[in-house]
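Novice: So the sequences go chain by chain: A and B.
Residues in the first sequence are numbered consecutively from 1180, following the numbering used here.
Residues in the second sequence are numbered consecutively from 82, following the numbering used here.
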Amino acid sequence: MIEKTVAELSTALARGDISSVELTQAYLHRINQYNSHLNTYITICEDTALKQARAADKSRSEGNCNPLLGVPLAHKDIFCTKGITTTCGSRMLHNFVSPYDATVVEKFNAAGVVTLGKTNMDEFAMGSSNETSYFGPVKNPWDSSRVPGGSSGGSAAAVAADLCAMATGTDTGGSIRQPAAFCGVTGFKPSYGRVSRWGMIAFASSLDQAGPICKSAEDAAMMLNVMAGLDEKDSTSADKATVDYTRTLNDSLEGLKIGIPRQHFAEGLSAEVEQKIRDALKVFESLGATIKEIDLPNNHLSVSAYYVIAPAEASANLSRYDGVRYGYRCDGPVDLEDMYKRSRSEGFGEEVKRRIMVGTYALSAGFYDAYYRKAQKIRRLIRNDFLSVFKEVDVILGPTSPHTAFELGAKSDPVAMYLEDIYTIAVNLAGLPGISIPAGIVSGLPIGLHMVGSDFNEAKVLNVAHQFQINTDWHSRKPNLIAMEG
Amino acid sequence: MALDKTEVEKIAHLARLHIDTEEATEVAGRITDILALIDEMQSVDTASTEPLAHPLDVVQRLRADEVTEVNHRDALQEIAPSSQCGLYLVPRVIE
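(1) Out of curiosity, what's the CA-to-CA distance linking I1197 of chain A and Q1212 of chain A?
(2) Which of helix, strand or coil does DSSP assign to E1571 of chain A?
(3) Does the Cβ of G1665 of chain A have 16 or more other Cβ atoms within 10 Å, making it buried, or fewer, making it exposed?
(4) Mind pulling the beta strand (DSSP E) runs of 3 or more residues that sit fully within the stretch 1239–1307 of chain A?
(5) Which residue marks the beginning of the beta strand (DSSP E) containing L1368 of chain A, and which one marks its end?
(6) With DSSP collapsed to three states, give me the class of Q1682 of chain A.
(7) Round the Cβ separation of A1232 of chain A and A1337 of chain A to the nearest angstrom and send it over; I've been treating them as touching at under 8 Å.
(8) Put G1665 of chain A into one of helix, strand or coil per three-state DSSP.
(9) Could you tell me which residues DSSP pairs with N152 of chain B in its beta bridges?
(10) With distances taken Cα to Cα, identify the nearest neighbour of E1599 of chain A among A:E1530, A:G1328, A:S1395, A:D1564.
(11) Return the residue from the list A:P1612, A:T1219, A:Q1204 that minimises the CA-CA distance to F1569 of chain A.
(12) If we cut at 8 Å on Cβ distances, does E176 of chain B have a partner in chain A?
(13) Please go through the same chain and pick out, in chain order, the residues whose beta-carbon is closer than 6 Å to the beta-carbon of G1333 of chain A, but skip the five residues on each side of it.
(14) By alpha-carbon positions, which one of A:P1320, A:A1289, A:L1217 ends up nearest to S1238 of chain A?
(15) Using three-state DSSP, classify G1390 of chain A as helix, strand or coil.
(16) Can you check the stretch 1198–1231 of chain A for any beta strand (DSSP E) of at least 3 residues that lies completely inside it and give the ranges in chain order?
(17) Which bits of chain B does T1539 of chain A rub up against, with CB to CB less than 8 Å?
(18) Please report the distance separating the alpha-carbon of V1405 of chain A from that of V151 of chain B.
(19) Under 8 Å: do the stretch 1453–1468 of chain A and the stretch 1407–1426 of chain A share three or more Cβ pairs, one atom per stretch?
(20) Going by C-alpha to C-alpha distance, which of A:V1364, A:A1235, A:S1323 sits closest to A1396 of chain A?
(21) Do G1315 of chain A and N1607 of chain A count as a contact pair if the criterion is CB distance below 8 Å?
(22) Check whether the Cβ of K1667 of chain A lies closer than 8 Å to any Cβ atom in chain B.
(23) Interface residues of chain A around Q123 of chain B at Cβ under 8 Å?
(24) Could you tell me if H153 of chain B is buried or exposed, where buried requires 16 or more neighbouring beta carbons within 10 angstroms of its beta carbon?
(25) Mind checking if E131 of chain B is an interface residue toward chain A, Cβ cutoff 8 Å exclusive?
(26) With A1544 of chain A as the anchor, note down where its alpha helix (DSSP H) starts and where it stops.
(27) Could one say the Cβ of G1665 of chain A lies closer than 8 Å to chain B's Cβ atoms, at least one of them?
(28) With a cut-off of 8 Å on the beta carbons, I'd call G1378 of chain A and C1259 of chain A a contact; round off their distance for me.
(29) Around the Cβ of R1499 of chain A, are there at least 16 other Cβ atoms within 10 angstroms (buried) or fewer (exposed)?
(30) Which of the three DSSP states, helix, strand or coil, is assigned to M1402 of chain A?
(31) Can you give me, in chain order, the residues of the stretch 1197–1222 of chain A that have a beta carbon less than 7 Å from any beta carbon in chain B?
(32) Considering Cα atoms alone, identify which of A:L1248, A:V1284, A:Y1485 is closest to I1263 of chain A.
(33) Can you tell me where the beta strand (DSSP E) with V1621 of chain A in it begins and where it stops?
(34) In the DSSP assignment, what are the bridge partners of M1630 of chain A?
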């Protein structure tokens, strides 16, 4: 049962084939079996989960028929959970227990979802391999010598290994989509503002967006139905009508116009990955879509602009960690400045400190125009590229990552790691919805197909992804975990 | 632009981070590499481009100036490293 999709579990629970308590116990058993090896969870909430499962079963017996009622989920450890530790993958917050729930958490709780635990992640979501976590790296369930991607690596690996039915993630430059690609699952970043950021620990506030990581586009639609919507507590939450995202999943793709950016099929892309993406394009053509080559001429500048904007926003956001109100405080500070400096230096890891310093530099007197303002101008050019392309096509398709999951420790150079997100970063800068869905296996490792939609057109992206999934079975492929047992 | 050790120490101070003298050279090298990546954007002429701070072209929402929250001080201070009588305690700043 644990290998099933959320849609299938929802039906099984509604029919009474299984109870939420039985299902939750099955996932907890699986977590006990594999988590010590995969390191996907930082916190496992066995007692809370079983309590929520009992409540869900009771609520169902009283007539509640919410589609997600009693389905077990894992939250990325960036979402504040009242009474449960929220670490953000950092020593700084290793013992932080939030006094409130994030809006996303509140919404899933209200839907009757069972929370199995909090998943591992790159520290403060800064990384593309999950190796910057204070709690150690997550292993890729397809090959435990490889990374799961990042920063939502724990969530993606937990879904892939059936250690939960679904998980939440966040995506600032590719942090939902790249790990989804590396772990062979579906990961969806909605438009900026679609999902509330309230209670989601901030990294780069103009880029951060929460979204689902799950086993199919249909599941993503069911999750987004819960997550999406205006939240008065988040001033950047979009005041745009939401729809039932499952309603248009079965729309025909006849006449759909797909753009493929020349820049995403250029130097650096692995030939095997390219072949799988081109095979996927043939599937769309067989469903009535037309393919057109397009240009995103400023795409190559997206990593440069991002590594000014994201660190600049991070340096401001992370200034709150000063050892005064919550989080880590160093031992025996001699004075206030010593307390600030040592608490921050001991509490943050290398990558976080590096980004804080890059951001501080970019915002410092004399450099603001050359870096921050320049990057914002580049951001405009990048968004304009997308706006003009979406006058001609409905969605943009390409690879999520230039290659499959790399080996742990393979990218010790920060710049090499930053270039990992070359196909995904521009989407955050432009604020658009983007999904990664499994589209093939290369040498035993999954690859991801990346699809981008126009502003707030999540329904279209999910529709196109779902149509691909009902005509292929790449999303149903599973890693073989037998080798890890014991 | 290449950063030297002194500049790294200055930035670290602005960011309230402590950097060991031995670390500073390595950190300067890493940040210099990142700045080289960033500098690719300098080659593009953006003289007539307006900066984009935010993907949503909207005006900040305002709400009525009414009290909507109750006092959470005790709950919030429960997780503080050090507090007493409703105050956050820090090392002495006035002699």
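Backbone N, C-alpha and C define an ideal beta-carbon position, used for all residues, glycine too.
Specialist: Let me spell this out:
(1) Against the first sequence, residue 1197 of chain A aligns to sequence position 18. Against the first sequence, residue 1212 of chain A aligns to sequence position 33. Distance between the alpha carbons of I1197 of chain A and Q1212 of chain A is about 21 Å.
(2) In the first sequence, the residue the question calls residue 1571 of chain A occupies position 392. In this structure, E1571 of chain A counts as coil in the three-state DSSP scheme.
(3) Numbered from 1 along the first sequence, position 486 holds the residue referred to as residue 1665 of chain A. Reliability fails at G1665 of chain A, whose pLDDT of 45 lies under 50, so the model's placement of it is uncertain and no value is given.
(4) 1251–1255, 1293–1298
(5) If you number the first sequence from 1, residue 1368 of chain A lands on position 189. Note that residue 1368 of chain A corresponds to Lys in the displayed sequence, not to Leu. Element bounds for K1368 of chain A: 1365–1368.
(6) Outside the displayed range of chain A (1180 to 1665) lies residue 1682 of chain A, so it cannot be described from this structure.
(7) For the purposes of this step, residue 1232 of chain A is identified with residue 53 of the first sequence, where counting begins at 1. For the purposes of this step, residue 1337 of chain A is identified with residue 158 of the first sequence, where counting begins at 1. Incorrect: roughly 17 Å between the Cβ atoms, too far for contact.
(8) By 1-based counting over the first sequence, the position of residue 1665 of chain A is 486. Note on G1665 of chain A: pLDDT 45, under 50, position unreliable in the model; no value is reported.
(9) Residue 152 of chain B sits at position 71 when you count from the first residue of the second sequence. None; N152 of chain B has no bridge partner.
(10) Residue 1599 of chain A sits at position 420 when you count from the first residue of the first sequence. The residue with the shortest Cα to Cα distance from E1599 of chain A is A:G1328.
(11) In the first sequence, counting from the first residue as 1, residue 1569 of chain A sits at position 390. The candidate whose alpha carbon is nearest that of F1569 of chain A is A:P1612.
(12) In the second sequence, residue 176 of chain B corresponds to position 95, counting from 1. For E176 of chain B, the answer is no, since every Cβ of chain A falls outside 8 Å of its Cβ.
(13) For the purposes of this step, residue 1333 of chain A is identified with residue 154 of the first sequence, where counting begins at 1. Result list for G1333 of chain A: T1219, T1298, N1299, M1300, V1317, in chain order.
(14) Taking the first residue of the first sequence as 1, we reach residue 1238 of chain A at position 59. Comparing Cα-Cα distances from S1238 of chain A to each of A:P1320, A:A1289, A:L1217, the minimum goes to A:A1289.
(15) Stepping through the first sequence from its first residue, residue 1390 of chain A is reached at position 211. The answer is strand: DSSP assigns G1390 of chain A an E or B state.
(16) 1220–1223
(17) In the first sequence, residue 1539 of chain A corresponds to position 360, counting from 1. Result: I92, L95, A96.
(18) Locating residue 1405 of chain A in the first sequence gives position 226, where the first residue counts as 1. Locating residue 151 of chain B in the second sequence gives position 70, where the first residue counts as 1. Computed Cα separation, rounded: 27 Å.
(19) no
(20) As a working note, residue 1396 of chain A is residue 217 in the first sequence. Of the listed residues, the one whose Cα sits closest to A1396 of chain A is A:V1364.
(21) Within the first sequence, residue 1607 of chain A is the residue found at index 428, counting from 1. Within the first sequence, residue 1315 of chain A is the residue found at index 136, counting from 1. Not a contact, by the Cβ cut-off of 8 Å.
(22) Past the boundaries of the shown model lies residue 1667 of chain A; chain A is included only from 1180 to 1665, so the question cannot be answered.
(23) As a first step, residue 123 of chain B is located in the second sequence; it is residue number 42 there, counting from the start. Those are A1549, K1553, listed as they occur along chain A.
(24) Residue numbering aside, residue 153 of chain B sits at position 72 when the second sequence is read from its first letter. Exposed, because fewer than 16 other Cβ atoms sit within 10 Å of the Cβ of H153 of chain B.
(25) Position 50 of the second sequence holds residue 131 of chain B. Closer than 8 Å to some Cβ of chain A, the Cβ of E131 of chain B qualifies, so yes.
(26) By 1-based counting over the first sequence, the position of residue 1544 of chain A is 365. Taken as a continuous stretch (DSSP letters only), A1544 of chain A belongs to no alpha helix (DSSP H), as it is neither H nor E.
(27) Position 486 of the first sequence, counting from 1, holds the residue named residue 1665 of chain A. Residue confidence for G1665 of chain A is low, a pLDDT of 45 falling below 50, so the modelled location carries little weight; the figure read from the coordinates is stated next. No, G1665 of chain A lies away from the interface with chain B (no Cβ there is under 8 Å from its Cβ).
(28) On the first sequence, residue 1378 of chain A is found 199 positions in, with the first residue counted as 1. On the first sequence, residue 1259 of chain A is found 80 positions in, with the first residue counted as 1. So it is a contact: roughly 4 Å between Cβ atoms.
(29) Reading the first sequence from its first residue, position 320 is the one you call residue 1499 of chain A. The residue is exposed, with fewer than 16 neighbouring Cβ atoms inside 10 Å.
(30) The residue given as residue 1402 of chain A occupies position 223 in the first sequence. The answer is helix: DSSP assigns M1402 of chain A an H, G or I state.
(31) none
(32) The residue you call residue 1263 of chain A lines up with position 84 of the first sequence. Measuring from the Cα of I1263 of chain A, the nearest candidate turns out to be A:V1284.
(33) As a first step, residue 1621 of chain A must be located in the first sequence, where it is residue number 442. V1621 of chain A -> beta strand (DSSP E) spans 1613–1621.
(34) Here the question's residue 1630 of chain A lines up with position 451 in the first sequence. Paired residues: A:L1576, A:I1614.
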